[in-house]
Each structure stands twice: as structure tokens, then as C-alpha cells.
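Chains as they are written, first to last, in this note's numbering: chain A, 1 to 174; chain B, 175 to 348.
For glycine and all other residues, C-beta sits at the position ideal for the given N, C-alpha and C.
Following: one structure in C-alpha cells, then a few remarks.
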DNA sequence: CTCCTATTTAGGATTTTTCTTATTTAAGAA
DNA sequence: TTCTTAAATAAGAAAAATCCTAAATAGGAG
């Protein structure tokens, strides 16, 4: 996927190609990992010193609406991340440091909810993110780990530290 | 799951039971759908008029860390939603109005990424959200619908309207 | 090339969420 | 009960994301 290819899609959808827009696409294209809006702004700075934050967000939103970029919202990281959607895949999100890693493929690609609960809802896509702790955060946050598999939601580590107080805590009894 | 049960979990993890905390749990427990922080604040108002916004967010974060509530971040809705995690399930998120519906169960419960990409990463959970348009937004945003299945990310509707300009747009050619 | 118009932009205001600090409070120990 | 201390709170400041308005510009039409 090239810059020209992406800009063509934008143009075909009836949107204009501005220098700022082109630059944002280029930054996303050459990025090796999902970027935050702040990181994109930073890379944009030398080229367009007067770019408003809204321009970055607006363009990212447009690209997301066009299905060209994915927006990854981590529950722990403060900022969202954006990446070009070359092909659909899911992500590993570290609850400790907020770092995001791409996984190859997606186990729920094409899955649809049962029709009796879906009703008239028209499914256009989904997001699937795997949460946990990277090896560094495991070392830094606790020692005697005991995985509590809640299926989803943040889980628990015996002896790990909360992000709230930094205090060491024990796994709650159910 | 009762209020007492939940408060016991919090206490066992070493946290204190405050009137505000108890009230927030009660509000979440009797809610029929995921609530925003603002909605919880609103319901808290008559009981504790001086509650700071941070108290609501802090308690929701704690409950999320304890695996007791799920935080749902819609890419379109401005605010996050929170709900008690009675049992793990996924959600339908409308890209038009941001409305969230709970689905029964989850098709990827227990799924783990292949070990060669997982490495030392310790998986504690995941989030899976299905995106699309509810029947009302389908009516309001466009007529001649043509689903473009990108697998994930926002998809496209011929003749629908962007959330950016309200302008009617055409599906981009790939 | 010039004109026209809807789109895009910059800038600042607003909303949502988080952070910081000093004060208050829950809950165990004496 | 009173004491002690870590945790929780309120209040205001800060950061992240969005909204609003007027001015600038892309890109098609003439």
C-alpha cells in the first residue's frame, strides 16, 4: 500500500488532498508501530509548525471512518494509538506500560453475533485486543504471580502493584 | 452478585469501604446498561453533593483493576462506559450514536495468541467489541447501504453521511 | 488562467479524564 | 474507646480529545 494509493481512496470518497493530510498519511505509512496523536504531531512539527492538534485528530478520524486506519484504545494508556490498516489484525496491550504489539491475524475475523440478538444492527467491523503484562512489567510490578483468568477485564496478580497507589496488593478472594 | 459480595472483594484486596465507594457499586449494580462516568456522577449527586469527578473515575479504575467492572471505550462516543462484570461478554457499539448493547457470551473466551508471538507476555484478559450501525442510525445516516467488510475498523456505506461534515459520501474504490 | 464553493485549516474554547496536594477518614491495634 | 497510619477524598490544575468559528485553500467549472 502506497501513499498514492491511500490518497486516491480519500479523493475518491470526495475529500481533498492537503499537504497536512498527505504528511499524516506518510508518517503513518512509514511507522513501524501504532502511533499516538502526539507522536504524529511531533513528526509533523518541522514540516508544518502551525498545525493545530485538531487537524491531526480530524484527519485520523477521517482515515478511521474510511477504514484506512485502526484506532486502538488501551484502557490503561492515556492516549489512543493509530495505525494504517494494511490487513486486519489484533493487538497485545500491556496493562502496565500501555505498550502495544501487533498480532498476526485475528481469531474472530468474520464472526457475527447470533441473529436473534443482532436484530437490525448492521455489523461493519470489530475490535479485538488482548490484555496482559509484558515481561518487563511482570518483573517491575510483582514477583509471585498468580494468574486470575476473569476472561476479560483487568486481572490480578498476587503481589503485584496497583497503578493507583503503587501499593502491593493481594488477589481478592471470590 | 450482591453489593456485599463486591464490597467483600474490595476489602479482601486491602481497600477501604467508603460511603462514596459503596454508592458507586450500588449504582452500577442496579444499572440495566453500561453507564458513563457522568451518568454515575449524576446519580451520586443527591447523596453526595460534593463528590469530585476524580472520586468517580478513581473508583471505576479500581473496580476495573480488580476485574469487577469492564470499561468500554467506543471509538465514536466521547465518553467511556462502565458496567459490572457479572460474566464476561462482548458488546455491540453503534458508530452512529455510540449506544452500547450487551451480547450474550463471547466467541473468543479463553483464546490465546500463538506462543511464538506471545513470548513472555502474560495474558490476563481481552476486550472484544462489534461495531456497526443500529437500525435508527441506518435510517438517519443513509439509504442505499452497501456493506464494505474491512474485517475491522469503520466501514463504509454508499450514501451514508460522515460524522465529520454531515456530508453524504460515496464508498471509496479500492 | 480565474472564479467559485465546499472542504480544510488554525486558533481558541470546551469536555472528558487524569494528576497533584493537602485534608479527612476507615479500620485495625492498643 | 482512643491512637495510628495508610487509603480515600475534595478541589483545583493539567492533559487528552473534541467542538466552534472565521479565514484560507483545494480542485472543479467556466
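Quickly, what does DSSP pair residue i with across the bridge? List them, please.
i	result
residue 36 of chain A	A/81
residue 299 of chain B	A/131
residue 70 of chain A	A/83
residue 100 of chain A	A/93
Just checking: is the beta-carbon of residue i within a distance shorter than 8 Å of some beta-carbon in chain B?
i	result
residue 49 of chain A	no
residue 92 of chain A	yes
residue 104 of chain A	yes
residue 3 of chain A	no
residue 115 of chain A	no
residue 82 of chain A	no
What does the Cβ neighbour count give for residue i, buried or exposed, with the cut at 16 atoms within 10 Å?
i	result
residue 117 of chain A	exposed
residue 208 of chain B	buried
residue 17 of chain A	exposed
residue 221 of chain B	exposed
residue 227 of chain B	exposed
residue 298 of chain B	buried
residue 215 of chain B	buried
Can you tell me which of the three DSSP states residue i falls into?
i	result
residue 173 of chain A	The predicted position of residue 173 of chain A is uncertain, since its pLDDT is 25 and thus under 50; no value can be drawn from it.
residue 290 of chain B	helix
residue 3 of chain A	helix
residue 29 of chain A	helix
residue 283 of chain B	coil
residue 45 of chain A	coil
residue 231 of chain B	helix
residue 197 of chain B	helix
residue 226 of chain B	coil
residue 13 of chain A	coil
For chain A, is any of its Cβ atoms less than 8 Å away from the one on residue i?
i	result
residue 208 of chain B	no
residue 219 of chain B	no
residue 312 of chain B	yes
residue 228 of chain B	no
residue 309 of chain B	yes
residue 281 of chain B	yes
Which residue from the options puts its Cα closest to that of residue i?
i	options	result
residue 230 of chain B	B/303, B/260, B/198, B/312	B/198
residue 274 of chain B	B/215, B/253, B/195	B/253
residue 8 of chain A	A/58, A/83, A/68	A/68
residue 113 of chain A	B/278, B/184, B/256	B/278
residue 122 of chain A	B/188, B/312, B/194, B/214	B/312
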